[in-house]
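The numbering used here applies: residue 9 is where the sequence shown begins, and numbers increase by one.
Even glycine gets a Cβ: it sits at the ideal position worked out from N, Cα and C.
Quick caveat, the model's predicted, so the values are computed rather than measured.
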Amino acid sequence: MKFFGISTAVLFTLLASEVIAAPMPNNRNVGRQFNRFGNFNKNKKPAAFTPPKTGFGGNNNNNGGNANNNGGNANNNGGNNTGNNNNNGGNNNNNNNNGQRVLRAENVQDASSKNGQEGGAEAGQKPSATDNENFINFCSGKGDLTNGLQNQQGSCNGIPMGRIPARNKMISAIITNPKNGEDVPANQAIEFRVKINNLAAGAFTNPANTYYAAPQDLDNNGLVIGHTHMSVQRIDSLTTDQIPDPTTFEFFKGINDAGDGRGNLAAQAADGLPAGFYRACTITSAANHQPVVMPVAQRGPQDDCIRFSVGQGNGGGNNGGNNGGNNGGNNGGNNGGNNGGNNGGNNGGNNGGNNGGNNGGNNGGNNGGNNNTGGNGGQNNTGGNGGNVRNLQTFTGALGAPAAAITASGNPARPFKVGNDTFANFAAAAQRTCDSQFNACADIANRQRTIQFSACGQQQQQCNAAQASTSKKSF
């Protein structure tokens with residue numbers, strides 16, 4: 009029985025039940041009529057072969073033709089019985105189809121022929137792009153093919169998305185170390201830890217030449233086969249609204265192992281990080297490094313991010329609280345502050361009372377310190393005599409920007425004001441003014457490079473020390 013070889017350029021039109029391919033005359037070495045780049049070899053072009061006007065993939069599909077056709081030729085010694093009949097479901101992927109590229113009829117998805125507007129749509133929805141042939145030639149004329157490479161100038165990738173997990177096996181992650189808002193020592197080893205559900209971790213292909221080169225796949229339990237990464241970027245502060253530059257990072261590590269088998273994975277930053285503020289995020293990927301694809305749109309994210317500080321010496325939480333400002337950080341902070349504030353507040357009250365007392369309000373001042381009603385009187389005494397004290401800020405350093413003023417808010421419950429924010433105690437206000445100055449300094453360091461980032465951190469420490477040592481902490 010004779011079998012015909014099939015050209016690497018295939019003419020087909022997808023119908024409801026079949027795919028038609030253009031045959032070539034029988035020739036065991038037909039695969040060798042194309043060079044490795046998929047162009048015709050002028051010296052060996054078969055006389056009987058006429059290139060079809062349209063083909064599956066065009067030059068894209070002929071790319072790497074020899075590798076596939078060699079595999080096909082190997083099957084000419086007996087493999088054609090299965091190769092030509094496509095009995096092996098993996099032939100298209102495994103280059104055993106004698107060089108032919110075939111989209112089998114059962115794999116055609118008719119949703120690609122619809123733009124989503126056929127039955128009406130919600131306001132604002134855009135029509136989908138359509139293609140009756142499932143976009144198999146989408147990359148034709150669209151520049152360089154990805155072809156397994158990390159092309160920094162951009163590329164087009166025609167590899168299918170692949171197998172997608174069930175809704176009850178979607179990936180979810182949480183970073184367990186460092187904690188969000190935590191402060192860790194500078195330049196000391198950090199172990200980033202994450203726990204991920206529903207990932208068959210530990211699968212990691214060569215990123216140098218298989219990048220996005222194969223579809224996402226599932227294991228026998230229906231879990232995405234892949235791995236995750238830890239990416240750490242410097243940010244201006246724990247409450248910054250400045251978007252980090254995605255091309256820069258302080259630490260990046262692919263976690264290529266399976267961890268403890270229960271979803272716990274780790275990456276070591278052996279040298280730690282310099283003092284500053286950071287965002288750490290997971291990037292969870294299929295084996296060939298593409299972002300994992302989930303089955304439904306409405307879901308929780310696959311990845312997690314935290315913000316933490318390094319070398320700030322105040323637990324990070326204080327930074328987070330004070331920076332988080334009066335939107336809840338300080339409310340919590342001030343609750344803590346007020347609890348301490350009832351002690352610290354009373355101490356401050358006594359100080360305030362005594363200051364007021366110096367103006368003749370000692371008795372009233374002391375009562376004012378311990379007594380809300382008397383305190384208001386004490387406050388008034390202080391305000392009356394301390395009207396000249398408009399700014400309790402004593403730090404004079406101005407690298408990047410001067411430290412913001414600490415002024416009276418006029419609200420007895422939150423008497424201190426920095427910018428538009430009010431605070432229940434001096435310590436919280438002082439922390440805010442030093443943090444704000446650091447953010448301005450760090451922004452210049454990151455954007456203009458005219459200031460060393462380390463100098464901003466040193467100035468922040470000096471500012472905090474100046475606030476702690478100031479003698480006047482009330483109005």
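*Exposed or buried, Pro-420, counting other C-beta atoms within 10 Å across all chains shown (16 or more means buried)?*
Within the sequence shown, the letter at position 412 stands for residue 420. Pro-420 comes out exposed.
*Run the CB neighbour count on Ile-251, radius 10 Å, all protein chains shown included, and call it buried at 16 or more, exposed below.*
Numbered from 1 along the sequence shown, position 243 holds the residue referred to as residue 251. That one is exposed.
*Can you list, in chain order, the residues of its chain whose CB lies under 8 Å from that of Met-9, leaving out five sequence neighbours each side?*
The residue given as residue 9 occupies position 1 in the sequence shown. Any reading at Met-9 is ruled out, since the residue's pLDDT is 44, under 50, leaving its predicted position unreliable.
*Alpha carbon to alpha carbon, how far is Ile-179 from Arg-307? Give it in angstroms, no decimals.*
The residue labelled residue 307 in the question sits at position 299 within the sequence shown. The residue labelled residue 179 in the question sits at position 171 within the sequence shown. Roughly 10 Å between the two C-alpha positions.
_Quick check on the burial criterion: 16 or more other C-beta atoms within 10 angstroms. Buried or exposed for Phe-260?_
The count along the sequence shown starts at 1 and reaches residue 260 at position 252. By the beta-carbon neighbour count (other beta carbons within 10 angstroms, threshold 16), Phe-260 is exposed.
_Helix, strand or coil for Arg-109? Go by DSSP, reduced to three states._
Taking the sequence shown and counting its residues from 1, the one referred to as residue 109 is at position 101. Note: Arg-109 maps to coil in three-state DSSP.
*With respect to the alpha helix (DSSP H) encompassing Gln-469, which residues constitute its N-terminal and C-terminal limits?*
Residue 469 sits at position 461 when you count from the first residue of the sequence shown. That run of the alpha helix (DSSP H) goes 461-477.
_Beta-carbon proximity of Tyr-286 to Glu-258, cut-off 8 Å_ = The residue given as residue 286 occupies position 278 in the sequence shown. The residue given as residue 258 occupies position 250 in the sequence shown. The answer is yes: Cβ separation under 8 Å.
*asked:* Pull the bridge partners of Lys-425 from the DSSP assignment, please.
replied: Reading the sequence shown from its first residue, position 417 is the one you call residue 425. According to DSSP, Lys-425 bridges with Thr-415 and Thr-430.
_At the level of alpha carbons, what is the spacing between Ala-211 and Gly-262?_
For the purposes of this step, residue 211 is taken as residue 203 along the sequence shown, with counting starting at 1. For the purposes of this step, residue 262 is taken as residue 254 along the sequence shown, with counting starting at 1. About 11 Å.
*asked:* I'd like the span of the beta strand (DSSP E) that includes Phe-403, first residue to last.
replied: The sequence position of residue 403 within the sequence shown is 395, counting from 1. Looking at the DSSP string, Phe-403 is not in any beta strand (DSSP E), and its letter there is neither H nor E.
*Given that a residue counts as buried once 16 or more other Cβ atoms are within 10 Å of its Cβ, and exposed if not, what is Asn-123?*
As a first step, residue 123 is located in the sequence shown; it is residue number 115 there, counting from the start. Asn-123 should be labelled exposed.
*Compare the Cα-Cα distances from Gly-284 to each of Arg-201, Gln-310, Asn-296 and Asp-244 and report the closest residue.*
Your numbering for residue 284 matches position 276 in the sequence shown. Nearest option by C-alpha distance: Asp-244.
*Apart from the five residues just before and just after Asn-93, which ones in its own chain have a Cβ nearer than 6 Å to its Cβ?*
Reading the sequence shown from its first residue, position 85 is the one you call residue 93. Residue confidence for Asn-93 is low, a pLDDT of 39 falling below 50, so the modelled location carries little weight; the figure read from the coordinates is stated next. The answer is none, since no qualifying residue turns up.
_Classify Ala-448: buried if its beta carbon has 16 or more other beta carbons within 10 angstroms, exposed otherwise._
One-based indexing of the sequence shown puts residue 448 at position 440. The residue in question, Ala-448, is buried, as its Cβ has 16 or more Cβ neighbours within 10 Å.
*Should Thr-236 be labelled buried (16 or more other beta-carbon atoms within 10 Å of its own) or exposed?*
Here the question's residue 236 lines up with position 228 in the sequence shown. Thr-236 should be labelled buried.
*DSSP on Asn-185, reduced to helix/strand/coil?*
Taking the first residue of the sequence shown as 1, we reach residue 185 at position 177. Strand at Asn-185.
*Would DSSP call Gln-224 helix, strand or coil?*
Counting from 1 along the sequence shown, the entry for residue 224 is found at position 216. Assignment of Gln-224 by DSSP, reduced to helix, strand and coil, places it in the strand class.
*In whole angstroms, what is the alpha-carbon distance linking Pro-282 and Asn-188?*
The sequence position of residue 282 within the sequence shown is 274, counting from 1. The sequence position of residue 188 within the sequence shown is 180, counting from 1. So the two alpha carbons sit approximately 18 Å from each other.
*Cut-off 8 Å between Cβ atoms - residues of its own chain near Ala-209, not counting five sequence neighbours on either side*: The residue labelled residue 209 in the question sits at position 201 within the sequence shown. Here the set comprises Gly-234, His-235, Thr-236, Ile-263, Asp-265, Ala-266, Gly-267, Gly-271 and Leu-273.
*Near Gln-475, which residues of its chain fall below 6 Å by C-beta distance, leaving aside the five closest residues on each side in sequence?*
Translated into positions along the sequence shown, residue 475 becomes position 467. Same-chain partners within the cutoff: Ala-438.
*Look up Ile-452 in the DSSP assignment and give the residues it is bridged to.*
Reading the sequence shown from its first residue, position 444 is the one you call residue 452. Paired residues: none, contrary to the question.
*Counting only the same chain and skipping the five closest in sequence on each side, list residues whose C-beta sits under 6 Å from that of Thr-213.*
Start at 1 with the first residue of the sequence shown, and residue 213 comes out as number 205. Around Thr-213: Ala-295 and Asn-296.
*Go ahead and pull the three-state DSSP assignment for Ala-129.*
Counting from 1 along the sequence shown, the entry for residue 129 is found at position 121. Of the three classes helix, strand and coil, the one that applies to Ala-129 here is coil, per DSSP.
*What is the rounded straight-line gap between the Cα of Leu-485 and the Cα of Phe-434?*
Only positions 9 to 483 of the chain appear in the structure, and residue 485 is not among them; the question remains open.
*Rounded straight-line distance, which links the Cα of Asp-249 to that of Thr-402*: By one-based count along the sequence shown, residue 402 stands at place 394. By one-based count along the sequence shown, residue 249 stands at place 241. So the two alpha carbons sit approximately 28 Å from each other.
*Name the two residues that bound the continuous beta strand (DSSP E) containing Leu-207.*
Indexing the sequence shown from 1 puts residue 207 at position 199. Residues 207-209.
*Among Arg-201, Thr-441 and Ala-113, which has the Cα closest to the Cα of Ala-412?*
Residue numbering aside, residue 412 sits at position 404 when the sequence shown is read from its first letter. Ranking Arg-201, Thr-441 and Ala-113 by Cα distance to Ala-412 puts Thr-441 first.
*DSSP three-state call for Gln-160: helix, strand or coil?*
As a working mapping, residue 160 is identified with position 152 in the sequence shown. Note: Gln-160 maps to coil in three-state DSSP.
_Rounding to the nearest angstrom, what Cα-Cα distance links Gly-127 and Asn-195 in this structure?_
Translated into positions along the sequence shown, residue 127 becomes position 119. Translated into positions along the sequence shown, residue 195 becomes position 187. In a straight line, the C-alpha of Gly-127 is about 60 Å away from that of Asn-195.
*Using the C-alpha atoms, what's the distance from Gly-321 back to Ile-172?*
Along the sequence shown, read from residue 1 onward, the residue named residue 172 stands at position 164. Along the sequence shown, read from residue 1 onward, the residue named residue 321 stands at position 313. In a straight line, the C-alpha of Ile-172 is about 45 Å away from that of Gly-321.
*Beta-carbon separation of Ser-317 and Leu-246 under 8 Å?*
Sequence index remark: in the sequence shown, residue 317 carries index 309 (1-based). Sequence index remark: in the sequence shown, residue 246 carries index 238 (1-based). Cβ distance < 8 Å, so Ser-317 and Leu-246 count as in contact.
*Rounded C-alpha distance that separates Ser-477 from Thr-430*: Here the question's residue 477 lines up with position 469 in the sequence shown. Here the question's residue 430 lines up with position 422 in the sequence shown. Taking the straight line from one Cα to the other gives about 21 Å.
*Same chain only: Cβ atoms within 6 Å of Gln-298, ignoring 5 sequence neighbours per side*: To locate residue 298, count along the sequence shown from 1; it is residue 290. Result list for Gln-298: Tyr-220, in chain order.
*Start and end of the beta strand (DSSP E) containing Val-318?*
Position 310 of the sequence shown, counted from the start, is the residue given in the question as residue 318. For Val-318, the uninterrupted beta strand (DSSP E) run begins and ends at 313-318, by DSSP.
_Quick check: the Cα distance between Thr-184 and Val-110, rounded to an integer number of angstroms?_
Along the sequence shown, one-based indexing puts residue 184 at 176. Along the sequence shown, one-based indexing puts residue 110 at 102. C-alpha separation (whole angstroms): 47 Å.
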